[in-house]
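These notes are about the structure you will find just below.
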Amino acid sequence: MNSSEYPLERQFDLASTLISAQAFQWREFNGIWVGAVADTVVAIRQTPSSIIVEDYCADNWSPQEYFRMRDNLEDINRDLRNDPLIDTLLAAKADIALTSQDPWQCTLMFLCSTNNNAKRISNMVLSLNRMFGVAVETPYGKIHKFPSPRSLSSATVHQLEACGLGYRAKFVRDFASIIHQGALDFKDLKKANYKDAVAQLVELPGIGPKVADCISLLSLDKLEAFPMDIWIRRVVSRRYYRLLEKSDVRRLLDESKTVSPQLYRHVTLAMRSHFGRFAGYAQNALYCNAKRLVSERTIAT
DNA sequence: CCGGAACCTTGTTG
DNA sequence: ACAACAAGGTTCC
């Protein structure tokens, strides 16, 4: 076990970030967050001035990188500062960091995320780890590493269904095979521009435009990606309708109707042109705000 | 290309 | 308690 302390290069809230539905593998043990990341298992805790990481399998996992501590938030915020709502949210200091994850792991988790809720996604990911990941002894019990492409590609659909994946089992297996065979290289996607990366991602089984945007933003350094889920759909149609075609707004407002690929493209393009090259940061702020408002409401009633 | 339905399952809601 | 519904969408037709 390798323990290191990293000074907080800027303030952010660890707990809020780890439950913000950017990743689904984290579990808390009295303020200490334990989870599988990339090819290791880590326990993280936050002090007022630092992040302390215990790394159980390696010594190269960097919280600075994972939490994007080196992004220049002043530049980013200045860039986003032609938007009143974002200004308000930035002033409120939600302190939720944007994560930069391992693409293989990130893609797997978002494959599990479709038509699903955070709690269940988390259960699915933890089951996959338990069934297919290498067990590691920690003070918090046996924690399993994230499975390799090899192990998931040789899994049976039946085994994956036993992890609670449902109809996603086939997607996960097929996707794992593609990666295991080397038919897609995430390094190429990192080098590619946003548009090309998304175009390649949506060719993969179970990955549509929304999941492709999440992967691009959270693991491929495409900070202009603006994933639109149901929460962003609501915010956009109610607070940013001026940027959109009337017919698109009507379509978004009627939640009984699905978002067609073209509508998704229209709307997210409009948002990207509004927010610019760091649109993903704006998306994260809007998403967290929407969720926060809802949780306050459920507590109040 | 578009719209609508089906999709596994579980946690939450009324 | 228990049915109905929603849940960070995608695929198929």
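All residue numbers for the first sequence refer to our numbering, where the first residue is -9 and numbers rise by one.
Yeah, the Cβ is synthetic: ideal placement off N, Cα and C, and Gly gets one too.
Note that the structure is predicted; figures quoted are calculated from it, not measured.
Practice problem: List the residues that DSSP assigns as beta-bridge partners of residue 26. | Solution: By DSSP's assignment, residue 26 forms a beta bridge with 31.
Exercise. Assuming residue 168 contacts residue 194 (C-beta within less than 8 Å), just tell me the rounded distance between them.
Key: 7 Å
Quiz prompt | residue 275 versus residue 7 - alpha carbon distance | solution = Straight across, the Cα-Cα distance linking residue 275 with residue 7 is about 11 Å.
Practice problem: Please report how far the alpha carbon of residue 226 lies from the alpha carbon of residue 179, in whole angstroms. | Solution: Between residue 226 and residue 179, the C-alpha separation is close to 28 Å.
Quiz prompt | Straight-line gap, residue 291 to residue 29 (C-alpha atoms, nearest Å) | solution = Residue placement at residue 291 is flagged as unreliable, the pLDDT there being 44, under the threshold of 50; a coordinate-derived value is accordingly withheld.
Quiz item: By Cβ distance, which residues of its chain are closer than 8 Å to residue 69, with the 5 residues on each side in sequence left out?
Solution: 266, 267 and 268
Exercise. Starting from residue 43, follow the beta strand (DSSP E) in both directions and report where the run begins and ends.
Key: 40 to 45
Quiz item: Buried or exposed: where does residue 212 fall if 16 or more other Cβ atoms within 10 Å of its Cβ makes it buried?
Solution: buried
Practice problem: Have a look at residue 14 and residue 39 and give me their C-alpha separation to the nearest angstrom. | Solution: Cα-Cα distance, rounded: 26 Å.
Self-check item: Cross-strand partners of residue 301 (DSSP beta bridge)
Solution: Any answer about residue 301 is impossible in this case: the structure gives the chain only from -9 up to 291.
Quiz item: When we look at the beta-carbon of residue 203 and count the other beta-carbons within 10 Å, is it buried (16 or more) or exposed?
Solution: Buried: at least 16 other Cβ atoms inside 10 Å.
Quiz item: By Cβ distance below 7 Å, which residues in the same chain neighbour residue 149 in space, the five residues on each side in sequence not counted?
Solution: 121
Quiz item: Exposed or buried, which one is residue 91 when buried takes at least 16 other CB atoms within 10 Å?
Solution: In this structure residue 91 is buried. Its beta-carbon is surrounded by 16 or more other beta-carbon atoms within 10 angstroms.
Exercise. Pull up the DSSP beta-bridge partners for residue 19, would you.
Key: 22
Quiz item: Just the Cα atoms here: how many angstroms apart are residue 206 and residue 188?
Solution: 7 Å
Practice problem: Reducing DSSP to helix, strand and coil, say where residue 286 ends up. | Solution: Here residue 286 sits in helix by DSSP.
Quiz item: Are residue 256 and residue 233 closer than 8 Å when you measure CB to CB?
Solution: no
Quiz item: Between residue 31 and residue 128, is the Cβ-Cβ spacing less than 8 Å?
Solution: yes
Practice problem: Identify every run of the alpha helix (DSSP H) within the region 126 to 197, keeping only runs that are complete inside it and at least 4 residues long; order them along the chain. | Solution: 139 to 143, 147 to 152, 158 to 170, 176 to 181 and 184 to 191
Quiz item: In its own chain, which residues sit with a C-beta less than 8 Å from the C-beta of residue 35, not counting the 5 before and 5 after it?
Solution: 4, 21, 22, 23, 41 and 42
Quiz item: For residue 89 versus residue 56, is the C-beta distance shorter than 8 Å?
Solution: yes
Quiz item: Roughly how many whole angstroms lie between the Cα atoms of residue 139 and residue 115?
Solution: 14 Å
Quiz item: By how many angstroms is the C-alpha of residue 125 removed from the C-alpha of residue 281?
Solution: Distance between the alpha carbons of residue 281 and residue 125: 34 Å.
Exercise. Give the straight-line distance between the Cα atoms of residue 123 and residue 101, rounded to the nearest whole angstrom.
Key: Distance between residue 123 and residue 101, taken at the CA atoms: about 18 Å.
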